[in-house]
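Quick note: the sequence shown uses the numbering used here, first residue 7, plus one each step. We put the CB at the ideal spot given by N, CA and C, even for glycine.
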Amino acid sequence: MFRSVRPARTVAAASVMAGALLLAACSPTITTKPYAPSDGVRVNLTDQVRGINLMVVTEGEGEPGNVLGALANDSSEDVSFVLTAEGAEPLSLDVPAKSTVYLNAEQDSVQVVQPQIASVASHPGGDLEATLSGAGVEEDFFLPIMDGSLPEYHPYLPTSTAS
């Protein structure tokens with residue numbers, strides 16, 4: 007009596023494939039989840055109101071710093087944002103309905119504002135305790151601090167001239 011191992015291999019392969027498909031069906035699709043694709047942070051106040059890629063660029067602790075990122079308002083009403091960072095005066099910005107305001111960015115045909123922190127309370131590579139509020143919601147987060155050692159941030163230093 008001789009038995010072939012071929013049917014057993016087929017059953018084993020089918021079982022492994024079925025198990026893999028079952029696990030894939032239960033796992034979330036990560037690429038559909040919002041995230042901060044750069045060095046800054048994302049702060050979701052609501053599904054329609056958020057801070058995007060927020061960070062500070064400075065020469066060093068105690069020096070002025072430019073706030074980079076964007077404030078997005080996809081809602082049907084204007085939103086007043088307030089960004090409060092450790093050791094800095096609150097920054098207030100109004101964002102019209104269905105608009106995005108870019109902070110210290112080079113953008114064509116969009117609203118750009120240039121908020122600055124007079125004296126950054128921590129060193130580059132660190133972060134500041136911060137709060138972003140708008141649309142009746144307030145969210146605490148850590149605002150990362152960058153310096154000009156990366157070429158993409160050098161033009162945004164408060165003392166730098168864009169090259």
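| field | Status (buried if at least 16 other CB within 10 Å, exposed otherwise) for PRO150 | value | Result: buried.
| request: Measure the C-alpha to C-alpha separation of ALA76 and LEU28 and round it to an integer number of angstroms. | output: For ALA76 and LEU28, the distance between alpha carbons rounds to 40 Å.
| message | If you reduce the DSSP assignment to three classes, tell me which class VAL17 lands in. | response | It is helical.
| request: Quick one: using the 10 Å Cβ neighbour count with 16 as the cut-off for buried, is LEU109 buried or exposed? | output: Per the 10 Å Cβ criterion, buried.
| Is VAL22 helix, strand or coil when you go by DSSP? | In the three-state reduction of the DSSP assignment, VAL22 falls in the helix class.
| request: Using the DSSP secondary-structure output, state which residues sit across from SER105 in a beta bridge. | output: Paired residue(s): ASN79.
| query | Where SER169 and LEU51 are concerned, what is the direct C-alpha to C-alpha distance, given to the nearest angstrom? | reply | Note that SER169 scores 46 on pLDDT, short of 50, meaning its location in the model is unreliable; the coordinates nonetheless yield the value given after this. Whole-angstrom Cα-Cα distance: 35 Å.
| Of all the options GLY46, VAL101 and GLU83, which has the alpha carbon lying nearest to the alpha carbon of GLY132? | Relative to GLY132, the option among GLY46, VAL101 and GLU83 whose CA is nearest is GLY46.
| message | For THR137, report the span of its beta strand (DSSP E) as first-last. | response | Where THR137 is concerned, the enclosing beta strand (DSSP E) stretches over 133–140.
| message | Applying the 10 Å Cβ sphere with the 16-neighbour rule, what's the burial state of VAL78? | response | The identity of residue 78 in the sequence shown is Ala, whereas the question assumes Val. By the 10 Å Cβ count, ALA78 comes out buried.
| message | Is the beta carbon of VAL118 closer than 8 Å to that of ALA127? | response | Cβ distance not < 8 Å, so ALA127 and VAL118 don't count as in contact.
| task | Return the chain-ordered list of same chain residues with a C-beta closer than 7 Å to the C-beta of ALA26, the five sequence neighbours on each side being excluded. | result | Around ALA26, the same chain offers no residue with a beta carbon nearer than 7 Å, after the five sequence neighbours per side are excluded.
| query | Straight-line CA distance for LEU138 to GLU69? | reply | One C-alpha to the other measures close to 22 Å.
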